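Contents: one structure, followed by commentary.
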Amino acid sequence: MNTLTSEQSLSISYMKAIGIIVVVIGHYTSGFFNVMQPYLYHMPLFFFVGGLTLKNEIVTFNALRKLSKKIIPYIFVTYILTGILAIALSKFTGLYFGDPFTTNPLEKNFHNNPLFLVCWFLLAYYLSSIVSRLIISVTTESKFQSITLIIIAVLVGFVALHLCAVKFKETGYQFYNVSAQSLYGAMFMLLGYSLKKQSLSMYNPIVAMIMITATGTIISFGLTKQSAMAWSTYPSGFIMTSVTSMICIFVVVIFSNILSSRENYLLKIIGDNSKSIMSWHLSVFAILNLFFLLIGFENNANGKLSNIYNQYSFALYVILGIIVPLLPMLIKTKLQHNKLVAERH
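Heads up, the sequence shown is in the working numbering, so the first residue is 11 and it goes up one at a time.
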């Protein structure tokens, strides 16, 4: 199943849209969801969706170079731009916005730049893509490719949590953290690839509701807790963390498949531009915080700006955090459309 239909592609866009909306909400407040809690699944979801787009082919050097040119320059440019913004905000307000250029970003897990915390994810996604493609390459001729990859995926995930994550906690070496992030991400990516046919054929809302109920039950019994993939922290262990993540992922998959029967322009562009939203929504939050400070809110405790929480702020932060990063793309599309219309006349 190398080629996706238009409806399947739309479903994948919707999965990414739901995922990035959950990310933005989760970075504003983690208390919005009682059952489908963001840190149970939102980052694994993106790796899983990435697996849905992979093809059954032998990876080539040119393919890896193309992947590198797509992600690595983006990481560098976005880090520099958000870093400059962080310094500008610090100079303007006298408040702390990290140390984006005075400490080693990789050593700090990129958290020395608070406007681009998700940089860790882009690096992990890049490395997971390479690992997944290499593993798929050696199984292209296998008659039992799917089951083979599922077994490999589980083993890779087990190593990520029981070796790399443990070593990171023991030593603090960022190498182990990046390894855990990337290998655990590769597990979900390989599962997405292996379960592509089944995933894109799931349309039953009753199954989704049963899964939501199961998730709520698991949480209520204290069998699973939210994870911090950025710091390789998995308090519920490998099995419960992975099972709960997959249940939540399939809920998103089912609803996305159902929605894909009709195109929603806004939801589609949110999904198709999820990388931009992921990269820039924290900058939008920071500018909103500055705005609130300037109009008299006291949100600058301990030398740092903090989010505002009132009856109106949730919608404001979430909507602007999603829409503002889309503006450059929307403006570019509008200008290209106007140019095309002008050339026709």
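No residue lacks a Cβ here, since even glycine has one placed at the ideal position from N, Cα and C.
Everything numeric in this text was worked out from a predicted model, so none of it was measured.
**OP:** Compute the distance between the beta-carbons of Ile287 and Ile30, then report whether it is under 8 Å.
**Re:** Here the question's residue 287 lines up with position 277 in the sequence shown. Here the question's residue 30 lines up with position 20 in the sequence shown. Against a cut-off of 8 Å, the Cβ pair of Ile30 and Ile287 comes out as a contact.
**OP:** Since I believe Glu273 is in contact with Leu14 (beta carbons under 8 Å), could you give me their beta-carbon distance rounded to a whole number of angstroms?
**Re:** Here residue 14 corresponds to residue number 4 of the sequence shown, with the count starting at 1. Here residue 273 corresponds to residue number 263 of the sequence shown, with the count starting at 1. Going by Cβ atoms, the distance from Leu14 to Glu273 rounds to 15 Å, so no, they are not a contact pair.
Original post:
Buried or exposed: where does Pro215 fall if 16 or more other Cβ atoms within 10 Å of its Cβ makes it buried?
Top reply: Indexing the sequence shown from 1 puts residue 215 at position 205. By the 10 Å Cβ count, Pro215 comes out exposed.
Original post:
Under the DSSP definition of a beta bridge, which residues are partnered with Ala238?
Top reply: As a first step, residue 238 is located in the sequence shown; it is residue number 228 there, counting from the start. According to DSSP, Ala238 bridges with Thr243.
**OP:** Using alpha carbons as the reference points, say which of Val263, Leu340, Val128, Ala98 lies closest to Val33.
**Re:** Here the question's residue 33 lines up with position 23 in the sequence shown. Val33 has its Cα closest to that of Val128, out of Val263, Leu340, Val128, Ala98.
Subject >> Cα-Cα separation between Ser230 and Lys344, rounded to whole angstroms >> reply: Within the sequence shown, the letter at position 220 stands for residue 230. Within the sequence shown, the letter at position 334 stands for residue 344. Cα-Cα distance, rounded: 48 Å.
Original post:
So, are the CB atoms of Tyr24 and Gly281 less than 8 Å apart?
Top reply: The residue you call residue 24 lines up with position 14 of the sequence shown. The residue you call residue 281 lines up with position 271 of the sequence shown. Cβ atoms of Tyr24 and Gly281: closer than 8 Å.
Subject >> Same chain, Cβ closer than 6 Å to Thr234, neighbours up to 5 away in sequence not counted >> reply: Position 224 of the sequence shown, counting from 1, holds the residue named residue 234. Cβ neighbours of Thr234 beyond the five flanking positions: Ile228, Ser246, Met250, Thr254.
Original post:
In chain order, what residues of the same chain lie with their CB nearer than 7 Å to the CB of Ile257, ignoring the 5 residues before and after it?
Top reply: If you number the sequence shown from 1, residue 257 lands on position 247. Hits under 7 Å: Met221, Ala224, Thr225.
Subject >> Pair within 8 Å by beta-carbon distance, Ile161 and Asn66 >> reply: Working through the sequence shown from its first residue, we reach residue 161 at position 151. Working through the sequence shown from its first residue, we reach residue 66 at position 56. For Ile161 and Asn66, no; Cβs fall outside 8 Å.
Subject >> Beta-carbon proximity check, Met239 vs Met46, cutoff 8 Å >> reply: Residue mapping note: residue 239 aligns to position 229 of the sequence shown, counting from 1. Residue mapping note: residue 46 aligns to position 36 of the sequence shown, counting from 1. Taking 8 Å as the Cβ cut-off, Met239 and Met46 do not qualify as a contacting pair.
Subject >> Enclosing alpha helix (DSSP H) for Gln155 [first to last residue] >> reply: Along the sequence shown, one-based indexing puts residue 155 at 145. Taken as a continuous stretch (DSSP letters only), the alpha helix (DSSP H) holding Gln155 covers 155-169.
**OP:** Using three-state DSSP, classify Gly182 as helix, strand or coil.
**Re:** As a first step, residue 182 is located in the sequence shown; it is residue number 172 there, counting from the start. Here Gly182 sits in coil by DSSP.
Subject >> Residue from Glu117, Ser142, Ser100 with nearest C-alpha to Tyr203 >> reply: Residue 203 sits at position 193 when you count from the first residue of the sequence shown. That would be Ser142, whose Cα lies nearest to the Cα of Tyr203.
Original post:
What residues in its chain sit with their C-beta under 6 Å from that of Ala175, if we drop five residues either side in the sequence?
Top reply: Taking the sequence shown and counting its residues from 1, one reaches residue 175 at position 165. Correct list, in chain order: Ala190, Ser242.
**OP:** Please confirm if the region 197-213 is in contact with the region 148-163, defined as three or more CB-CB distances below 8 Å between the two stretches.
**Re:** yes
Original post:
In its own chain, which residues sit with a C-beta less than 7 Å from the C-beta of Leu269, not counting the 5 before and 5 after it?
Top reply: Here residue 269 refers to the residue found at position 259 of the sequence shown. The answer, listed in chain order, is Tyr24.
**OP:** Would you check if the region 300-319 and the region 56-65 touch, i.e. whether three or more CB-CB distances between them fall below 8 Å?
**Re:** no
Original post:
Is DSSP giving Val148 helix, strand or coil here?
Top reply: Within the sequence shown, the letter at position 138 stands for residue 148. The answer is coil: DSSP assigns Val148 none of H, G, I, E or B.
Original post:
How about Tyr194 and Leu171: do their beta carbons lie closer than 8 Å?
Top reply: As a working note, residue 194 is residue 184 in the sequence shown. As a working note, residue 171 is residue 161 in the sequence shown. In this structure, Leu171 lies closer than 8 Å to Tyr194 by Cβ.
**OP:** Assign Leu144 to one of two classes, buried (16 or more other C-beta atoms within 10 Å of its C-beta) or exposed (fewer than that).
**Re:** Residue numbering aside, residue 144 sits at position 134 when the sequence shown is read from its first letter. Exposed, because fewer than 16 other Cβ atoms sit within 10 Å of the Cβ of Leu144.
**OP:** Compare the beta carbon distance of Ala196 and Val166 with 8 Å and say whether it is the shorter of the two.
**Re:** On the sequence shown, position 186 is the one that residue 196 refers to. On the sequence shown, position 156 is the one that residue 166 refers to. A contact, by the Cβ cut-off of 8 Å.
**OP:** Report yes if the CB atom of Pro110 is closer than 8 Å to the CB atom of Asn122, and no otherwise.
**Re:** Looking up residue 110 in the sequence shown gives position 100. Looking up residue 122 in the sequence shown gives position 112. Yes, the Cβ-Cβ distance between Pro110 and Asn122 is below 8 Å.
Subject >> C-beta contact flag for Leu99 and Ala296 at 8 Å >> reply: Position 89 of the sequence shown, counted from the first residue, corresponds to residue 99. Position 286 of the sequence shown, counted from the first residue, corresponds to residue 296. Closer than 8 Å, so yes.
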